[in-house]
Structures are given as structure tokens and as C-alpha cells.
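**Student:** Residue 691 is where the sequence shown starts when you use our numbering, and the numbers rise one by one after that. Structure incoming, see below.
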Amino acid sequence: ALGFRALGLAPKGHVGIISENRIEWVLSQMGAGVLGAVTVGVYPTSPSNEVAYVLDHADCAIVVCEDQEQIDKVVEARADLPKVKKIIALENRGLAGYEPGLVMTFDEVEALGRAEYEKNPGLVDELMREHSLSDIALLIYTSGSTGKPKGAMLSFRNIRAGANGLLDRYGIGQGWTTLSYLPLCHVAEQATTIFGPLYSGSQVNFGESLRTVQEDLREVAPMTFLGVPRIWEKMHSGIRVKMYEARPVQKWL
């Protein structure tokens, strides 16, 4: 939060995030929220023109990018993104050759934040007291499959209501575990990865990728798992293939 503040992010400012699910996404979103800024998720599979549309439409001044591939999408559309002042890279590889002062690492932002905290340890509490539940926390954009992506505004009150509903309906609490793998640009994954665990104190495990869901499930063995139809279809197909290829005794068992 204080690192973002040192970069000039102000209340009601907008931070774009283009990344697969990982802890730095959550930290960036929480940091923006402490400042009263708005998080804008962008699907990491989006091409440069779609990335540019969302970032421009949302007036993002800071963009958090997972790696060089995502940074290049923003840089490619730089002429259409005059409001973007800083790109923050989560991975440090391949960062040479960009416009001086445009790209910095997540570690550098954290270092800025630590320096600010050492100067004023009570600043975070002061900042949080300036905001209310009616402030906008998230802009959730549609996928754009039926036209230009449309942004839905979610307030902190919306988030609290969603978390309470999730906990009341499913009884999730401390000690529960979940696997985060669906895009955090979508409100459903936001609920299971961020809203619910923040309120319940449950544990979140980040999957390696969408391609490794079944392997990640075996490794993590989560108590809760959010799946969309395509995931269930993929699992069902995988089981049927293994059954078809199994020996007669294995099929019988």
C-alpha cells in the first residue's frame, strides 16, 4: 500500500493487474484497497488491443504485470495509454530495453513501502480510517465475447456481503483449504480466493496453471474447490480415457 502511495497512487485511483493467480496479485489488490484505490483485473490471455481497451477505459495509472509477455502487451499499446505512468513486474527476467523509468519490480515497490512505513508506522491505519464501505474496491470486466468489455463496480460493502454469504452458506472457517486457479478477473474466483479466506481465515493454495489443475488437486487436496463446466468436462474426459485404456482387472476394480 505504501509503495503504491510513494508512486503517486491516490484514493479512487486505478491499478490494473495482468497476471495468473499468485500471492502478488492478492497483495497488490489489498495494497490498492488500503489506499482507497480500485483494482482492475485484466485476463492474462487477452491480446494487446483488449488489454489497452480495459486499461484505458478504467483510467489505470499503474499496471501490475506478471512477466515480460504481459508487459509487452502494455508497451505495444503505449500510445493509446497516456494515463499509464508505471508498470510493475512480478517476475524480474527480461526487463532490459524498456523506456527508462517506466518499469520497476514488485520487490522495488515493497522496498519503497518499507521505507515509508519506517518513517510513519501509523500511516496505514490513518489511511484506512479515511475510507468507507461504500467506496469502490473492484472493477470486474466482462470477457467481451458479445461486444466491448463492460465494467461492474463492486464496493467494499459488496465484498463483505459476498464473503458473509459464502461463509454462511458453506460453513467455511479456519483450517479449511482451497485451490485458486480460475482467473481472479472473475468475481467467483475473487470470492473463493480473496473475499472468503480474508473473512474466515482459511488457507489459499495457488495452482501452477489451468493446465495442471488435476495435478495441483492431488498435491494440495483442498477442502473446497470451485469448478466451471469446462473443468468438470475435462476431468470427466480424463477419467473416461483412463478407464478405456485400463486393463480388464483395473476396469473391474
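Quick reminder that beta carbons are idealized off the backbone N, C-alpha and C, glycines included. Just so we're clear, the structure is a prediction, and the values are computed from it rather than from any experiment.
Assign Gln864 to one of three DSSP states: helix, strand, or coil.
**Tutor:** coil
**Student:** From Asp825 to Leu725, what does the alpha carbon distance come to, in whole angstroms?
**Tutor:** 11 Å
**Student:** Between the Cα of Glu879 and the Cα atoms of Gly863, Gly865, Gln864 and Gly897, which residue gives the shortest distance?
**Tutor:** Gly897
**Student:** Between Cys875 and the rest of its own chain, which residues show a CB-CB distance below 6 Å, the 5 nearest in sequence each way excluded?
**Tutor:** Gly731 and Tyr733
**Student:** If we ignore side chains and look at the alpha-carbon of each, how far apart do Arg937 and Asn711 end up?
**Tutor:** 38 Å
**Student:** From Thr735, Ala779, Ser822 and Ile830, pick the residue whose C-alpha is nearest to that of His747; which is it?
**Tutor:** Among Thr735, Ala779, Ser822 and Ile830, the Cα nearest to that of His747 belongs to Ile830.
**Student:** Assuming Val793 contacts Leu802 under a Cβ cut-off of 8 Å, what Cβ separation, rounded to an integer in Å, is found between them?
**Tutor:** Not confirmed; about 15 Å, so no contact.
**Student:** So Glu756 packs on Ser709, CB below 8 Å; how close in whole Å?
**Tutor:** 4 Å
**Student:** Can you list, in chain order, the residues of its chain with a C-beta nearer than 8 Å to that of Tyr860? Leave out the 5 residues immediately preceding and following it.
**Tutor:** Thr914
**Student:** For Thr947, which option in Ile713, Ile929 and Gly886 has the closest C-alpha, if you only look at C-alpha atoms?
**Tutor:** In this structure the chain extends from 691 to 943, so residue 947 is not present and cannot be described.
**Student:** Do you know how far the Cα of Arg901 is from the Cα of Asn782?
**Tutor:** 23 Å
**Student:** State yes or no: is the C-beta of Gln940 nearer than 7 Å to some heavy atom of the ligand MG?
**Tutor:** The ligand MG is not among the ligands present in this structure, which contains no ligands whatsoever.
**Student:** The alpha helix (DSSP H) that contains Tyr807, what's its start and end?
**Tutor:** Residue range Phe796 to Lys809 is occupied by the alpha helix (DSSP H) that includes Tyr807.
**Student:** According to DSSP, is Leu697 helix, strand or coil?
**Tutor:** coil
**Student:** So Val705 and Ala691 are supposed to be a Cβ contact under 8 Å. How far apart are they, rounded?
**Tutor:** That pair is no contact at about 11 Å.
**Student:** Lys775 to Glu766, Cα distance in whole Å?
**Tutor:** Going by the C-alpha atoms only, they are around 14 Å apart.
**Student:** In three-state terms, what does DSSP make of His821?
**Tutor:** His821 falls in the coil class under three-state DSSP.
**Student:** Starting from Gly886, trace the alpha helix (DSSP H) both ways and give me its first and last residue.
**Tutor:** Gly886 to Ser890
**Student:** Kindly indicate which residue of Cys750, Val894, Glu909 and Glu905 has the alpha-carbon position closest to the one of Gly928.
**Tutor:** Glu905
**Student:** What does the Cβ neighbour count give for Val642, buried or exposed, with the cut at 16 atoms within 10 Å?
**Tutor:** Here the chain comprises residues numbered 691 to 943, so residue 642 is not present and cannot be evaluated.
**Student:** Cα separation between Gln864 and Trp715?
**Tutor:** 22 Å
**Student:** Which same chain residues, not among the five before or five after Leu888, have their C-beta less than 8 Å away from its C-beta?
**Tutor:** Ala853
**Student:** So Leu771 and Ala742 are supposed to be a Cβ contact under 8 Å. How far apart are they, rounded?
**Tutor:** About 6 Å separates the two Cβ atoms, so the contact holds.
**Student:** I think Ala881 touches Leu856, with their Cβ atoms under 8 Å apart; what is that distance to the nearest whole Å?
**Tutor:** 6 Å
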